[in-house]
Amino acid sequence: MSKSGSSHIKLSQSHISEIVRAIPPSGIRKFFDLLSSIEGVISLGVGEPDFVTPWHICEAAIYSLEKGYTMYTSNKGMPELRAELSGHLESRFGLTYDSEDEILITVGVSEGLDLAMRAILNPGDEVIMPNPCYVAYPASVSLAGGAPVQVPTTEENNFEITAADIEPRITQKTKAILLGYPCNPTGAVLSKEELTQIAELAKRYNLLVVSDEVYGRLVYGVEHTCLATLPGMRERTILLNGFSKAYAMTGWRIGYAASDKEIIGAMTKIHQYTMLCAPIMGQMAALEALKANDSEVDAMVRDYDRRRRVIVKGLRDIGLSCFEPRGAFYAFPSIKVTGMTSEEFAEKLLWEEKVAVVPGSAFGQCGEGYLRCCYATALPDIEEALKRMGRFIERHRKK
Amino acid sequence: MKKILEALEKDARLTPEQISTMTGTSVADVKKTIKKAEADRAILKYKTVIDWSKLGEEQVWALVEVKVVPQRNVGFDSIAERIYRFHEARSVYLASGTYDLAVLVAGKTMQEIAVFVSEKLAPLEAVQGTVTHFILKKYKEDGEILEGGEGVKRLPVTP
Numbered sequence: 000m001s002k003s004g005s006s007h008i009k010l011s012q013s014h015i016s017e018i019v020r021a022i023p024p025s026g027i028r029k030f031f032d033l034l035s036s037i038e039g040v041i042s043l044g045v046g047e048p049d050f051v052t053p054w055h056i057c058e059a060a061i062y063s064l065e066k067g068y069t070m071y072t073s074n075k076g077m078p079e080l081r082a083e084l085s086g087h088l089e090s091r092f093g094l095t096y097d098s099e100d101e102i103l104i105t106v107g108v109s110e111g112l113d114l115a116m117r118a119i120l121n122p123g124d125e126v127i128m129p130n131p132c133y134v135a136y137p138a139s140v141s142l143a144g145g146a147p148v149q150v151p152t153t154e155e156n157n158f159e160i161t162a163a164d165i166e167p168r169i170t171q172k173t174k175a176i177l178l179g180y181p182c183n184p185t186g187a188v189l190s191k192e193e194l195t196q197i198a199e200l201a202k203r204y205n206l207l208v209v210s211d212e213v214y215g216r217l218v219y220g221v222e223h224t225c226l227a228t229l230p231g232m233r234e235r236t237i238l239l240n241g242f243s244k245a246y247a248m249t250g251w252r253i254g255y256a257a258s259d260k261e262i263i264g265a266m267t268k269i270h271q272y273t274m275l276c277a278p279i280m281g282q283m284a285a286l287e288a289l290k291a292n293d294s295e296v297d298a299m300v301r302d303y304d305r306r307r308r309v310i311v312k313g314l315r316d317i318g319l320s321c322f323e324p325r326g327a328f329y330a331f332p333s334i335k336v337t338g339m340t341s342e343e344f345a346e347k348l349l350w351e352e353k354v355a356v357v358p359g360s361a362f363g364q365c366g367e368g369y370l371r372c373c374y375a376t377a378l379p380d381i382e383e384a385l386k387r388m389g390r391f392i393e394r395h396r397k398k
Numbered sequence: 000m001k002k003i004l005e006a007l008e009k010d011a012r013l014t015p016e017q018i019s020t021m022t023g024t025s026v027a028d029v030k031k032t033i034k035k036a037e038a039d040r041a042i043l044k045y046k047t048v049i050d051w052s053k054l055g056e057e058q059v060w061a062l063v064e065v066k067v068v069p070q071r072n073v074g075f076d077s078i079a080e081r082i083y084r085f086h087e088a089r090s091v092y093l094a095s096g097t098y099d100l101a102v103l104v105a106g107k108t109m110q111e112i113a114v115f116v117s118e119k120l121a122p123l124e125a126v127q128g129t130v131t132h133f134i135l136k137k138y139k140e141d142g143e144i145l146e147g148g149e150g151v152k153r154l155p156v157t158p
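From first to last, the protein sequence lines stand for chains A and B.
So for the first sequence, numbering that gives the first Met the number 0 puts the first residue at 0; every next one is plus one.
So for the second sequence, numbering that gives the first Met the number 0 puts the first residue at 0; every next one is plus one.
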């Protein structure tokens, strides 16, 4: 006979799914707990804009609440928003996606990524991706029962993944290539030429490409190439994008997926049973974001660019080698001059100089020896952080 | 040029070295551009936006609508000049609509402004009439929100 009440049940690791157990805890989380115990910290550790969402977008969302838009929407997202997105992709990239069955509104790109992986992977299927990369990439593949296959990228190669590096890793089980450029954490971008070579590979081996382009609007002095625009790629690309970075709308959690209707249909199947729909308030805000002209986005991009130049020069001036990031809002300097591991460096820097950065190793073993420094931070804070880091490097330079 | 002045407009205290870094232009070119912009009066002046009420300083502002009779050949320009030369008139704009000139007037007291309007502005020959609106509260000045600037509420570390 079992005793009454559940407090006597002994939970152990065996109650947790093996797949979840096998996923390592996030390196960022650990750091976050440490950080909250210290006062006066300048943080370059964030992964989001420091702008508040433009007011016209907030105001439109408030108005929609007042008007009583508080219900579920269609599983796929509001038809008006999908139609607007379809027009947006057409005018921006010349891509045509049917708003009825080729576009799905998701809860951020995070959900889109999860849906994409679950929609395409059979147990054991392999997905090739760069390393270092965004923290969710390997996990999203593993959680869907697949196996992440990581391709090392290096500072010497500007952290670009190349077709030549991908090809030898293609096996019978390879299902897709997962790209996230402009890249979090490195700030790397892929040129049209490099993308074209990867696209040729995908076509030759009949692979899908999942392309997370959420930082696509944030590029500096280069053009962002949308993968689906390359010849023959629209059919085999799952384009993921969202509103978080370009419109400073991280907390609204609105993203979208655009692809062939077979794939969007499969993703929608999962989405309707797990998420039902993205929140209507966020969708209303996204609709306003698309309808307005882009002058505020452009102003934000110019502002990031100024800070990008300041932080890259500053990091080089204090003796760190730092490749020039052309996208997103991260610099990814090397700390090899100190001989420390990324984690050691980040922890010591936090204690000694009260500057928070994210250890590059949180993004994969090829991030070891690097730091992710976010420059979506007020300029005076960037300058102060650089001063403090300069002192730190002076003390800890390898003798 | 635009890049340099945009940076300077955000923060007039930036040094040419800082602007050079921010824009990827050489220090010499930054200096040259700024000099030229100053000479062309593209840069009018460098100012500081101060919330004087924080210092307990009394300052009264009024928006004065002025209806005038335009004059042959010079239109509104000559009467505008008669008005903008008064130091009390801090900004002067020609506006469409029910009145012609919008004049922002600053003074230490309401009395001071009242005297300026009634004794200097209203009696001008071309002025047909004035309507004075005293400013009760300033919410936003030169693009800066005066109160309730709450800063960014971000978590310190996010992926």
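We put the CB at the ideal spot given by N, CA and C, even for glycine.
Determine the burial state of residue i: buried for a count of at least 16 other Cβ atoms within 10 Å of its Cβ, exposed for fewer.
i: A:Glu393; result: exposed
i: A:Ala115; result: buried
i: B:Trp51; result: exposed
i: B:Thr97; result: exposed
i: A:Arg203; result: exposed
i: A:Ser1; result: Residue confidence for A:Ser1 is low, a pLDDT of 49 falling below 50, so the modelled location carries little weight and cannot support an answer.
i: B:Pro15; result: buried
i: A:Gln149; result: buried
i: A:Lys399; result: A query on residue 399 of chain A cannot be resolved here, the shown segment of chain A reaching from 0 to 398 and no further.
i: B:Gln70; result: exposed
i: A:Thr156; result: One point to set straight first is that residue 156 of chain A is Asn, not Thr, in the sequence displayed. Per the 10 Å Cβ criterion, exposed.
i: B:Lys136; result: exposed
i: A:Leu189; result: buried
i: A:Pro181; result: buried
i: A:Leu64; result: exposed
i: A:Tyr214; result: buried
i: A:Asn240; result: buried
i: A:Glu80; result: According to the sequence provided, residue 80 of chain A is Leu. The question's Glu does not apply to it. Under this definition A:Leu80 is a buried residue.
i: B:Val68; result: exposed
i: A:Lys75; result: buried
Give every residue of the same chain whose Cβ lies closer than 6 Å to the Cβ of residue i, excluding the five residues on either side of it in the sequence, and list them in chain order.
i: A:Asp124; result: Gly145, Lys172, Lys174
i: A:Tyr133; result: Gly179, Asn183
i: A:Asp113; result: Ser139
Taking a contact to mean a Cβ-Cβ separation below 9 Å, would you say residue i touches residue j in this structure?
i: A:Ala384; j: A:Thr105; result: no
i: A:Leu177; j: A:Val140; result: yes
i: A:Leu348; j: A:Arg387; result: yes
i: B:Ala11; j: B:Thr47; result: yes
i: A:Glu101; j: A:Ser85; result: yes
i: B:Lys2; j: B:Thr24; result: yes
i: B:Glu66; j: B:Gln127; result: Reading off the sequence shown, one finds Lys at residue 66 of chain B, where the question assumed Glu. It is a contact, given that the beta carbons lie within the stated cut-off.
i: A:Val40; j: A:Ala355; result: yes
i: A:Val19; j: A:Leu142; result: yes
i: A:Lys268; j: A:Thr224; result: no
i: B:Thr129; j: B:Val59; result: no
i: A:Phe328; j: A:Cys373; result: yes
i: A:Leu370; j: A:Phe344; result: yes
i: A:Pro406; j: A:Ala247; result: Chain A is shown from 0 up to 398; residue 406 of chain A falls before or after that span and cannot be answered.
i: A:Gly111; j: A:Gly250; result: no
i: A:Val357; j: B:Val156; result: yes
Give me, in chain order, the residues of the same chain whose beta-carbon lies closer than 7 Å to that of residue i; leave out the 5 immediate sequence neighbours on both sides.
i: A:Thr72; result: Cys276, Ile279, Gln282
i: B:Leu62; result: Ala101, Leu103, His132, Ile134
i: B:Tyr45; result: Ala11
Name the DSSP beta bridge partners of residue i, please?
i: A:Tyr329; result: A:Cys373
i: A:His395; result: Looking at the DSSP assignment, A:His395 forms no beta bridge with any residue, so it has no partner.
i: A:Asn240; result: A:Tyr255
i: B:Thr166; result: In the structure as shown, chain B begins at 0 and stops at 158. Residue 166 of chain B is therefore absent and cannot be evaluated.
i: B:Gly106; result: B:Val59
i: A:Val208; result: A:Ile176, A:Thr236
i: A:Pro129; result: A:Val150
i: B:Gly74; result: B:Gln70
i: B:Lys139; result: B:Ile144
i: A:Val354; result: A:Ile41
In its own chain, which residues sit with a C-beta less than 8 Å from the C-beta of residue i, not counting the 5 before and 5 after it?
i: B:Lys30; result: Pro15
i: A:Ser25; result: Val134, Ala361
i: A:Thr153; result: Cys365
List, in order along the chain, the chain E residues whose C-beta lies closer than 9 Å to that of residue i?
i: B:Val63; result: The structure shown has no chain E; the protein chains it does contain are A and B.
- Query: With a cut-off of 8 Å, do at least 3 Cβ pairs link the region 40-47 of chain A to the region 262-277 of chain A?
  - Reply: no
- Item | Three CB pairs or more closer than 8 Å across the region 86-98 of chain B and the region 32-47 of chain B | no
- Would you call the region 293-306 of chain A and the region 253-269 of chain A touching, i.e. three or more CB-CB distances under 8 Å? no
- Item | Inter-stretch contact at 8 Å, needing at least 3 Cβ pairs: the region 301-313 of chain A / the region 52-60 of chain A | no
- Item | Contact the region 331-347 of chain A vs the region 198-215 of chain A: 3+ CB pairs below 8 Å | no
- Spell out a yes or no on whether the region 224-244 of chain A and the region 309-324 of chain A are touching, meaning 3 or more CB-CB pairs, one atom from each, closer than 8 Å. no
- Message: Between the region 161-170 of chain A and the region 207-218 of chain A, can you find at least three pairs of beta-carbon atoms closer than 8 Å?
- Response: no
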